[in-house]
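Enquirer: What follows is a single structure, and I will ask about it in a moment.
Numbering (full-length UniProt numbering), first residue to last: 1 to 500.
This is the structure:
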């Protein structure tokens, strides 16, 4: 089940577009922050290390200049060393010109430190950073072993003794005087530069992401629009095909129904006319047969006792009349359904008047069906041209269906009229609290000969005819219902047909 949901999700247009984009951006960001930035930091640190090595070489060369002067007799040893110390004490570099050089000897004692003059001349063998590392001893060890090298430790931030931070220094021994000269970089400087690069890269990634998301949104929007337009075109094509099929079916059905109605109408008219004659004949011979039975006793006619015949014939004649009347109604409905063109649309239709008249025609059925019948008529509704009798027929059909759907007389039926400004139509609402209509039935409820009341004499033509009448008036029938929750039917007549 989960796999099906995932496959269905991946088939949607936004996911198919967004997912590769998100994965690409994620891969891009991960590459930058997990691979490129560490490489940049390493290269930057290596570059800084190389800079302090070269700067230390420059400072060492300065010491060598003064040593050569001492060697050549230009300066005494004390003068040469003092000049070298003052020269290096004054040297500064870096963005704030706060980076410096220092000198200590191999004992070790501080010879010169521009920011810690308090340590100059003192034995610093036991001087340690907060981690316990005896850094000056490490300087001596490195120079003794390699002549020069890098040492990691913690030291104050430039000229701020209250701030202790990690530092990397390059130290080199100056053998003629037994000195060690060095300078260093603060790890925090590297981290600040990396943070600046990271910030710029983050902004760049966000900018790229915004551009990608904007392009993706446009692509998704276009894809959705294309898909929507395609679906709309397919739906319109399907509806046109259904309309053509329905129209062809209605033409064929109308032709067939018209012929059937004509063929049935003639013989049924004969039966209808002759049934009253048979009733009169029976009423005439009945006294004679009764007298014969009284004087001669019981006799048989057609293998049936007279007493039995006397009871059955009135019932049979009544059944014939009812059956003929029912067939006549069906034939009338068939003729209405099969008519080739709409009825005359010359009446000025006032919906309230037509609705009231239709209610009056079925008032007896309404009284028998419900104790809760209500009406509400909106005043001053626009009038329009149409066929009043046909619209009455629609309202009557809907009212009869509403009455037949009620479970008992406590179920309510309400009728209302009004004008819908949004859809610009005059409407008639008929709502019942009956059994409701299942959704699968609503789709077919106006199909010719479709009925759920076949056992109670339904022909399936009432709503089909009503639908045809509404189409003739450029109107629509809307059914809102659910099984067991009643039904609301809305007959709408659009403003296209309304006249002031």
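Beta carbons: idealized from backbone N, C-alpha and C, even for Gly. Just so you know, these numbers come straight off a predicted model, no measurement behind them.
Can you tell me whether residue 349 is buried or exposed? The criterion is at least 16 other CB atoms within 10 Å of its CB, across all chains shown.
Expert: Position 349 of the chain shown, counted from the start, is the residue given in the question as residue 349. Residue 349 should be labelled buried.
Enquirer: DSSP has residue 408 in a bridge; who is on the other side?
Expert: By 1-based counting over the chain shown, the position of residue 408 is 408. Its beta-bridge partners do not exist; DSSP assigns none.
Enquirer: Do you know how far the Cα of residue 181 is from the Cα of residue 143?
Expert: Here residue 143 refers to the residue found at position 143 of the chain shown. Here residue 181 refers to the residue found at position 181 of the chain shown. Taking C-alpha positions only, residue 143 is separated from residue 181 by approximately 10 Å.
Enquirer: Can you tell me the Cβ-Cβ gap for residue 480 and residue 390, rounded? I've got them flagged as a contact below 8 Å.
Expert: The residue labelled residue 480 in the question sits at position 480 within the chain shown. The residue labelled residue 390 in the question sits at position 390 within the chain shown. At roughly 23 Å, the Cβ-Cβ gap does not stay under 8 Å, so residue 480 and residue 390 are not in contact.
Enquirer: CB-CB under 7 Å to residue 36, same chain, minus the five flanking residues each way: which ones, in chain order?
Expert: Along the chain shown, read from residue 1 onward, the residue named residue 36 stands at position 36. None.
Enquirer: Can you find the residues in the same chain that come closer than 6 Å, C-beta to C-beta, to residue 375, ignoring five residues on each side of it along the sequence?
Expert: Position 375 of the chain shown, counting from 1, holds the residue named residue 375. So the list reads 415, once near-sequence residues are dropped.
Enquirer: Decide if the stretch 57 to 64 is in contact with the stretch 169 to 177; the criterion is three or more beta carbon pairs, one per stretch, under 8 Å apart.
Expert: These segments touch.
Enquirer: Can you check which of these residues, 159, 91, 183, 309, is closest to residue 104 by C-alpha distance?
Expert: The residue you call residue 104 lines up with position 104 of the chain shown. Of the listed residues, the one whose Cα sits closest to residue 104 is 183.
Enquirer: Among 168, 304, 311, which residue has its Cα nearest to the Cα of residue 283?
Expert: Your numbering for residue 283 matches position 283 in the chain shown. Residue 283 has its Cα closest to that of 311, out of 168, 304, 311.
Enquirer: How do the stretch 397 to 410 and the stretch 422 to 434 stand: do at least 3 beta-carbon pairs fall below 8 Å, yes or no?
Expert: yes
Enquirer: To the nearest angstrom, report how far apart residue 457 and residue 302 are at their CA atoms.
Expert: As a first step, residue 457 is located in the chain shown; it is residue number 457 there, counting from the start. As a first step, residue 302 is located in the chain shown; it is residue number 302 there, counting from the start. Interpretation of residue 457 is limited by its pLDDT of 48, a score under 50 that renders its predicted location unreliable; the figure taken from the coordinates is listed afterwards. Computed Cα separation, rounded: 32 Å.
Enquirer: Could you give the DSSP three-state label for residue 161: helix, strand or coil?
Expert: Here residue 161 corresponds to residue number 161 of the chain shown, with the count starting at 1. Secondary structure at residue 161: strand, using DSSP grouped into helix, strand and coil.
Enquirer: Just list the residues that DSSP pairs residue 31 with in beta bridges.
Expert: In the chain shown, the residue the question calls residue 31 occupies position 31. In the DSSP output, where bridge partners are listed per residue, residue 31 has none listed.
Enquirer: In or out: residue 440 buried (at least 16 other Cβ within 10 Å) or exposed?
Expert: Translated into positions along the chain shown, residue 440 becomes position 440. Around the beta carbon of residue 440, fewer than 16 other beta carbons lie within 10 angstroms, which makes this residue exposed.
Enquirer: Please state whether the Cβ-Cβ distance between residue 426 and residue 493 is less than 7 Å.
Expert: On the chain shown, residue 426 is found 426 positions in, with the first residue counted as 1. On the chain shown, residue 493 is found 493 positions in, with the first residue counted as 1. Yes; because the gap between Cβ atoms is below 7 Å, this pair is in contact.
Enquirer: What are the boundary residues of the beta strand (DSSP E) that residue 376 is part of?
Expert: Working through the chain shown from its first residue, we reach residue 376 at position 376. Element bounds for residue 376: 372 to 376.
Enquirer: Using alpha carbons as the reference points, say which of 102, 206, 106 lies closest to residue 29.
Expert: For the purposes of this step, residue 29 is taken as residue 29 along the chain shown, with counting starting at 1. Measuring from the Cα of residue 29, the nearest candidate turns out to be 206.
Enquirer: Which of helix, strand or coil does DSSP assign to residue 492?
Expert: Numbered from 1 along the chain shown, position 492 holds the residue referred to as residue 492. If DSSP states are grouped into helix, strand and coil, residue 492 belongs with the strands.
Enquirer: Would a C-beta distance cut-off of 7 Å place residue 372 and residue 412 closer than the cut-off?
Expert: Within the chain shown, the letter at position 372 stands for residue 372. Within the chain shown, the letter at position 412 stands for residue 412. For residue 372 and residue 412, yes; Cβs fall inside 7 Å.
Enquirer: Along the chain, where does the alpha helix (DSSP H) containing residue 60 start, and where does it finish?
Expert: Residue 60 sits at position 60 when you count from the first residue of the chain shown. It spans 37 to 71 - the alpha helix (DSSP H) in which residue 60 sits, taken as one unbroken run.
Enquirer: Spatial neighbours of residue 120 within its chain, please: CB distance less than 8 Å, with the 5 preceding and 5 following residues excluded, ordered by chain position.
Expert: For this step, residue 120 is matched to residue 120 along the chain shown. When the five nearest sequence neighbours on each side are left out, the beta carbons in the same chain lying within less than 8 Å of the beta carbon of residue 120 are those of 110, 111, 112, 113, in order along the chain.
Enquirer: Give every residue of the same chain whose Cβ lies closer than 6 Å to the Cβ of residue 69, excluding the five residues on either side of it in the sequence, and list them in chain order.
Expert: Numbered from its first residue, the chain shown carries residue 69 at position 69. In the same chain as residue 69, and ignoring 5 residues on each side of it, the C-beta atoms closer than 6 Å to its own belong to 75, 80, in chain order.
Enquirer: Going by the beta-carbon positions, is the gap between residue 25 and residue 209 smaller than 7 Å?
Expert: Taking the first residue of the chain shown as 1, we reach residue 25 at position 25. Taking the first residue of the chain shown as 1, we reach residue 209 at position 209. In terms of Cβ geometry, residue 25 and residue 209 form a close pair [threshold 7 Å].
Enquirer: Please check the pair residue 125 and residue 154, which I expect to be a contact at CB under 8 Å, by giving their CB distance rounded to whole angstroms.
Expert: Translated into the one-based positions of the chain shown, residue 125 becomes position 125. Translated into the one-based positions of the chain shown, residue 154 becomes position 154. No, residue 125 and residue 154 are not in contact; Cβ-Cβ is about 18 Å, not under 8 Å.
Enquirer: Would residue 188 pass as a contact of residue 165 if the rule is Cβ separation under 7 Å?
Expert: For the purposes of this step, residue 188 is taken as residue 188 along the chain shown, with counting starting at 1. For the purposes of this step, residue 165 is taken as residue 165 along the chain shown, with counting starting at 1. Taking 7 Å as the cut-off, the beta carbon of residue 188 is found closer than this to the beta carbon of residue 165.
Enquirer: Just mark residue 466 as buried or exposed, buried being the case when its beta carbon has 16 or more other beta carbons within 10 Å.
Expert: Against the chain shown, residue 466 aligns to sequence position 466. Classification for residue 466: buried.
Enquirer: With 16 other CB atoms within 10 Å as the buried threshold, where does residue 186 fall?
Expert: Start at 1 with the first residue of the chain shown, and residue 186 comes out as number 186. Per the 10 Å Cβ criterion, buried.
Enquirer: Out of 145, 27, 200, 386, point me to the one whose CA is closest to residue 346's CA.
Expert: Here residue 346 is taken as the residue at index 346 of the chain shown, counted from 1. If we check each option's Cα against that of residue 346, 386 comes out closest.
Enquirer: With residue 360 as the anchor, note down where its alpha helix (DSSP H) starts and where it stops.
Expert: As a working mapping, residue 360 is identified with position 360 in the chain shown. Under the DSSP assignment, residue 360 falls in the alpha helix (DSSP H) whose first and last residues are 351 to 361.
Enquirer: Can you round the beta-carbon distance between residue 45 and residue 226 to whole angstroms, since I take them to be within the 8 Å contact cut?
Expert: Here residue 45 refers to the residue found at position 45 of the chain shown. Here residue 226 refers to the residue found at position 226 of the chain shown. 53 Å between Cβ atoms; not a contact.
Enquirer: Does DSSP put residue 431 in a helix, a strand or coil?
Expert: Counting from 1 along the chain shown, the entry for residue 431 is found at position 431. Three-state DSSP puts residue 431 in a strand.
Enquirer: Look at the alpha carbon of residue 377 and the alpha carbon of residue 364, and state the distance between them as a whole number of angstroms.
Expert: Along the chain shown, one-based indexing puts residue 377 at 377. Along the chain shown, one-based indexing puts residue 364 at 364. Approximately 21 Å between the Cα atoms of the pair.
Enquirer: Determine which residues share a DSSP beta bridge with residue 425 and list them.
Expert: Indexing the chain shown from 1 puts residue 425 at position 425. Paired residue(s): 420, 494.
Enquirer: Just to confirm before moving on: does the CB-CB distance between residue 83 and residue 66 stay below 7 Å?
Expert: The count along the chain shown starts at 1 and reaches residue 83 at position 83. The count along the chain shown starts at 1 and reaches residue 66 at position 66. Yes, these two residues count as a Cβ contact at 7 Å.
Enquirer: What span of residues does the beta strand (DSSP E) with residue 480 cover, start to end?
Expert: Reading the chain shown from its first residue, position 480 is the one you call residue 480. Element bounds for residue 480: 476 to 481.
Enquirer: Tell me, which residues are paired with residue 186 by DSSP?
Expert: Here residue 186 refers to the residue found at position 186 of the chain shown. In the DSSP output, where bridge partners are listed per residue, residue 186 has 167.
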